[in-house]
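Novice: Counting from 13, one number per residue, gives the positions in the sequence shown under my numbering. Cβ atoms here follow ideal geometry from the backbone N, Cα and C, with glycine treated the same way.
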Amino acid sequence: MVRLSRARTAAFSAALLASLPLVAHAAPTAPTPSVPPHQKWSFDGPLGQFDQKSLQRGFVVFNEICSSCHGMRSVTYNDLSGIGLSPQAIRDFAHAKQVPGPLDAAGHPTMRPGLPDDHLRSPFPSEAAAAAMMGGVAPPDQSRLAAIQPHGADWLYAFLTGYHMPPPPGAPVVPGKFYNDWADGHLVGMPPPLMDDAVEFPDGTPATAKQQARDVTTFLVWASDPHRNDRHRTGLYVFAYLSGLLVLAIAWKRKIWKRGTTQNAQDTDD
Ligand code: HEC
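See below:
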């Protein structure tokens, strides 16, 4: 067995560390890094809450860009009340979409306007049709995208802002694939979906590609867990209630023990 001296092991580790890319795009053929840089999110932590304005902007990005290729089957139009849409806005929005209806008398498929209880319309009739249209890979349903990635929000943000056009020198070039720092093997079949000012935000926030990435990430995290705000609010109430009980319990205990000591004092007096 070959035993390296401690100094040599240290020198070896240092050389290994030095050869690792410090910045993800420094080496186009290096393995895809697994831990994306951490961003600050309003919904972080056990008491975090989604920022409603960001959710609404993210929905604009999803609706105008992502939903032309990706479905979001687990969310209904009604669920959008969770990002602050009014019942009327939800009815109008659903109504403007055409969803598959019942078969007609001759057995042909029909379409009908959407209803609030319908699930968000998928852009392709089936996974196979989606794959055929998209050069072999179907765009994954976005309902659980943020939840299945180990670093959900941070990864989505890094991925959405991780394209390089043109690819860095030395990167593999494959027709129909795009270079992305965070894609598996740096290549992905999705063209860069975000461009500065490709959408307009109703609240006037400048729609840079980075801002769109932030907001659509927030929306995707919400979509994978639409009841997080309610749960965290309930958590807060339960915490406040239990803290109140604790204060009462302490006060009560003091009172009982005080009475006990007075009683004892009287006992000794007698
Ligand atoms: C032109 C169609 C198209 C549009 C628009 C589009 N995507 Fe995609 N997306 C795809 C395809 C195709 C894939 C599968 C690519 C692959 O696996 O190589 C994909 C994959 C993804 C993935 C998974 C990547 C991975 O490596 O796991 C994410 C995340 C994603 N898209 C997010 C988005 C978001 C967010 C938007 C909107 C801002 C969006 N996409 C818009 C076609 C699209």
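Identify every residue that forms a DSSP beta bridge with residue 200.
Specialist: 190, per the DSSP bridge assignment.
Novice: Can you say whether residue 106 is buried or exposed, counting buried as having 16 or more other CB atoms within 10 angstroms of its CB?
Specialist: Per the 10 Å Cβ criterion, buried.
Novice: Where residue 265 and residue 251 are concerned, what is the direct C-alpha to C-alpha distance, given to the nearest angstrom?
Specialist: Between residue 265 and residue 251, the C-alpha separation is close to 21 Å.
Novice: Name the DSSP bridge partner or partners of residue 124?
Specialist: Looking at the DSSP assignment, residue 124 forms a beta bridge with 111.
Novice: Taking 8 Å as the cut-off, is the beta-carbon of residue 257 closer than that to any non-hydrogen atom of ligand 1?
Specialist: The answer is no for residue 257.
Novice: To the nearest angstrom, report how far apart residue 55 and residue 213 are at their CA atoms.
Specialist: Going from the Cα of residue 55 to the Cα of residue 213 covers about 21 Å.
Novice: If you draw a straight line from the alpha carbon of residue 99 to that of residue 184, how long is it in whole angstroms?
Specialist: The straight-line gap from Cα to Cα measures roughly 49 Å.
Novice: Apart from the five residues just before and just after residue 233, which ones in its own chain have a Cβ nearer than 7 Å to its Cβ?
Specialist: Closer than 7 Å at Cβ, skipping near neighbours: 55, 158, 164, 165.
Novice: Whether or not the region 222-236 and the region 70-82 are in contact is what I'm after, with contact meaning three or more pairs of Cβ atoms, one per stretch, closer than 8 Å; do they touch?
Specialist: Yes: at least three Cβ pairs fall under 8 Å.
Novice: For residue 267 and residue 92, I'd like the C-alpha separation in whole angstroms.
Specialist: Their Cα atoms are separated by approximately 51 Å.
Novice: Give the straight-line distance between the Cα atoms of residue 149 and residue 248, rounded to the nearest whole angstrom.
Specialist: About 43 Å.
Novice: Are residue 83 and residue 109 touching if we call contact CB-CB under 9 Å?
Specialist: Not closer than 9 Å, so no.
Novice: Considering only their Cβ atoms, is the gap separating residue 85 from residue 155 smaller than 9 Å?
Specialist: It is a contact, given that the beta carbons lie within the stated cut-off.
Novice: Taking all protein chains shown into account, decide if residue 187 is buried (16 or more other Cβ within 10 angstroms of its Cβ) or exposed.
Specialist: Exposed: under 16 other Cβ atoms inside 10 Å.
Novice: Using 8 Å for Cβ pairs, my map puts residue 102 next to residue 128. What's the rounded Cβ distance?
Specialist: With 8 Å as the limit, residue 102 and residue 128 qualify as a contact, their Cβ atoms being about 5 Å apart.
Novice: Does the beta-carbon distance from residue 190 to residue 175 come in below 9 Å?
Specialist: Contact flag set, yes.
Novice: Would DSSP call residue 131 helix, strand or coil?
Specialist: Note: residue 131 maps to strand in three-state DSSP.
Novice: Cα separation between residue 130 and residue 111?
Specialist: Answer to the nearest angstrom: the Cα atoms are 8 Å apart.
Novice: First and last residue of the alpha helix (DSSP H) that includes residue 169?
Specialist: Where residue 169 is concerned, the enclosing alpha helix (DSSP H) stretches over 164-172.
Novice: Please report the distance separating the alpha-carbon of residue 217 from that of residue 65.
Specialist: Straight-line Cα distance between these residues: approximately 10 Å.
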